[in-house]
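Its first residue numbered 30, the sequence shown is counted upward by one per residue in this note's numbering.
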Amino acid sequence: MHIVHVAAEMAPIAKAGGLGDAVTGLTKELQKHHQVSVILPKYSLISLSPTQLTLDMEFSCEKKRLSYNVRVFRAEVEGVFVYLVETSPLIDHFYEKKIYLGTQRDSERFIYFCKTVAEYLIRKNQVIDVLHLHDWHTSLLVPLVKEVYLSLKVLVRSVVLTVHNLAYIGRCFLRELEEIHYPLNHIESFACRGIFFKKYSLLRAGLFADAIVAVSPGYREEMLTKRYACGFLRLLEKRRDKVHGILNGIDKDLWDPQKDPHVPFPFSPKQSLAEVFRAKNKDKEALQKKLGLPLSHEPLVICVARLVPQKSPKLMKEGLLLAKEASCQGILLGTSPLKKEQAVFEKLADTYKGDSHLRFLPTFDEPLSRLLYAAADFFLMPSSFEPCGLSQMIAMRYGTVPIVHHVGGLKDTVFDPRYENASHKVNGFSLHKLSTTELKKTLSFAIASWRKDRCALLVSNGIQHDYSWKVPAEKYVQIYQKVLSSKK
Numbered sequence: 030m031h032i033v034h035v036a037a038e039m040a041p042i043a044k045a046g047g048l049g050d051a052v053t054g055l056t057k058e059l060q061k062h063h064q065v066s067v068i069l070p071k072y073s074l075i076s077l078s079p080t081q082l083t084l085d086m087e088f089s090c091e092k093k094r095l096s097y098n099v100r101v102f103r104a105e106v107e108g109v110f111v112y113l114v115e116t117s118p119l120i121d122h123f124y125e126k127k128i129y130l131g132t133q134r135d136s137e138r139f140i141y142f143c144k145t146v147a148e149y150l151i152r153k154n155q156v157i158d159v160l161h162l163h164d165w166h167t168s169l170l171v172p173l174v175k176e177v178y179l180s181l182k183v184l185v186r187s188v189v190l191t192v193h194n195l196a197y198i199g200r201c202f203l204r205e206l207e208e209i210h211y212p213l214n215h216i217e218s219f220a221c222r223g224i225f226f227k228k229y230s231l232l233r234a235g236l237f238a239d240a241i242v243a244v245s246p247g248y249r250e251e252m253l254t255k256r257y258a259c260g261f262l263r264l265l266e267k268r269r270d271k272v273h274g275i276l277n278g279i280d281k282d283l284w285d286p287q288k289d290p291h292v293p294f295p296f297s298p299k300q301s302l303a304e305v306f307r308a309k310n311k312d313k314e315a316l317q318k319k320l321g322l323p324l325s326h327e328p329l330v331i332c333v334a335r336l337v338p339q340k341s342p343k344l345m346k347e348g349l350l351l352a353k354e355a356s357c358q359g360i361l362l363g364t365s366p367l368k369k370e371q372a373v374f375e376k377l378a379d380t381y382k383g384d385s386h387l388r389f390l391p392t393f394d395e396p397l398s399r400l401l402y403a404a405a406d407f408f409l410m411p412s413s414f415e416p417c418g419l420s421q422m423i424a425m426r427y428g429t430v431p432i433v434h435h436v437g438g439l440k441d442t443v444f445d446p447r448y449e450n451a452s453h454k455v456n457g458f459s460l461h462k463l464s465t466t467e468l469k470k471t472l473s474f475a476i477a478s479w480r481k482d483r484c485a486l487l488v489s490n491g492i493q494h495d496y497s498w499k500v501p502a503e504k505y506v507q508i509y510q511k512v513l514s515s516k517k
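Structural data, given as structure tokens:
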């Protein structure tokens with residue numbers, strides 16, 4: 030099949046979160062058996078050299094009655110062909126050194142990107158079996174393909190949308206659509222009556238794709254409930270048979286404690302559990318020396334996350350303070366785009382600067398995060414909701430036991446011995462209610478289990494499990510085939 034992905038992110042060249050990892054992991058796996066490419070904005074932060082770029086096409090496009098030049102470059106990233114869309118400096122929305130600005134301008138930027146991609150695909154004039162879109166940033170391409178550009182409707186045989194997080198709906202104004210000359214007789218699919226007065230949702234337009242894929246079976250169930258549907262329940266219920274759930278994977282080459290250059294004492298799932306624990310204890314000592322913590326063989330609890338409301342940063346803080354009370358060590362690594370939240374954790378960093386049990390590190394440090402995964406005993410992830418979550422899978426691959434909230438993709442990947450009978454499955458601990466009381470109860474149970482040597486089975490099950498992209502990619506192919514056969 031000829032499969033074209035359109036996304037806002039792709040690791041490692043343009044990554045802000047899990048979306049970038051997911052696009053890379055899925056396309057790398059699909060590439061083994063299909064013709065796959067990815068289309069991205071050519072952000073100024075992308076650091077590919079001129080020798081890595083080949084000019085694929087140059088053409089003119091229109092916005093606000095202005096004509097602007099578009100150049101599309103081809104590069105190879107992780108073995109996949111990537112097409113980078115660049116526009117003239119006069120009308121360039123992607124010159125900032127950021128993928129997302131966090132303002133209303135983001136909707137304008139990606140509306141403009143989608144129109145440019147549509148114009149490029151028309152000129153490319155190749156038949157595409159599956160146009161695979163990711164989140165609200167690229168959802169506008171659904172009506173552009175199905176309703177606006179008749180030549181695209183002929184070239185593109187099917188459109189699939191993966192919803193990585195339904196909460197980001199892509200709010201936009203009518204004037205932003207008018208600026209790209211979007212025909213107003215096709216505006217109905219955007220309307221968000223009762224949610225945002227005089228506003229429209231780009232994601233809502235994407236929900237008219239031939240297939241909608243949530244990033245875990247658990248999240249698919251949640252999307253079809255009033256609590257998690259984000260105002261789209263009626264539409265999703267009407268299209269229930271088009272909504273699927275496929276659990277994301279992780280890139281086993283990218284996340285490998287045996288080959289990770291930031292893990293001083295590597296280990297592998299193929300080694301005995303005793304060898305794994307020996308290496309992890311040495312990694313823990315290396316981490317303690319690096320951060321100025323006393324050497325201790327007591328449990329180490331870590332949090333690595335963006336400090337946003339979804340991730341429950343307040344409960345993370347409380348969890349680490351509870352770990353200190355239990356004579357354990359705790360480390361938090363992460364930043365917040367919210368100034369007040371960032372200030373709170375910067376203050377905590379000062380307060381516990383010389384503490385013998387805690388470190389709050391309000392910064393982004395990928396090498397340190399990898400060492401944390403390898404050195405820790407427990408990974409705390411009390412998200413209020415989590416469509417899939419990759420961190421808990423990475424933690425398990427690095428021999429660290431996750432403690433999570435029982436929602437979305439977390440309940441599809443983490444199985445608590447208190448609620449799960451199958452011993453071959455148990456691999457972590459779950460909070461069935463998001464509260465300080467439940468957190469204290471679960472964390473105390475986890476620490477007590479560790480001290481009684483009852484966590485070995487959890488570590489073994491977690492490190493041995495295959496969370497690669499092989500099975501998810503096969504499930505995506507089944508959906509592609511189903512959609513294409515229905516089109517015939």
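Heads up, the beta-carbon is just placed ideally off N, CA and C, and yes, glycines get one too.
L336 and S412 have their C-alpha atoms some 10 Å from each other.
DSSP, reduced to helix, strand and coil, places T254 outside both helices and strands of the structure shown, so it counts as coil. When the Cα atoms are used, E176 and K182 turn out to be separated by approximately 8 Å. Between R100 and T83, the gap from beta carbon to beta carbon reaches 9 Å or more. Judged by beta-carbon spacing, A355 lies beyond the 9 Å limit of M410, meaning their Cβ atoms are not closer than that value.
Under a 10 Å Cβ-count criterion, Q81 is classified as exposed, with fewer than 16 other Cβ atoms of the shown protein chains found around its own Cβ.
Under the three-state reduction of DSSP output, L460 falls in the strand class. Three or more pairs of CB atoms, one per stretch, sit closer than 8 Å, so the region 357-371 contacts the region 390-397.
Beta bridge pairing from DSSP links C90 with Y97. Here the region 442-460 does not lie against the region 296-304, with fewer than 3 beta-carbon pairs under 8 Å apart. The beta carbon of L377 lies closer than 6 Å to those of F389 in the same chain, with the five residues before and after it left out. The beta-bridge partner set that DSSP reports for G274 consists of A243.
Apart from the 5 residues on each side of it in sequence, L419 sits with its Cβ closer than 7 Å to the Cβ of G47, D50, N277, I279 in its chain, given in chain order. Note on S341: 16 or more other CB atoms within 10 angstroms of its CB, so buried under the neighbour-count rule. For the options I140, A485, L69, P501, the alpha carbon positioned closest to that of A303 is the one of A485.
F407 is a Cβ neighbour of V330, given a cutoff of 9 Å. With respect to the C-alpha of K511, the residue from D158, E38, I120, T132 having the closest C-alpha is D158. Beta bridge pairing from DSSP links Y112 with I68, R103.
Between V65 and H163, the C-beta spacing is not below 9 Å. In this structure the region 465-472 does not touch the region 491-503; the number of beta carbon pairs closer than 8 Å is below three. Residue burial is scored here from C-beta neighbours: G359 has at least 16 other C-beta atoms within 10 angstroms and is therefore classed as buried.
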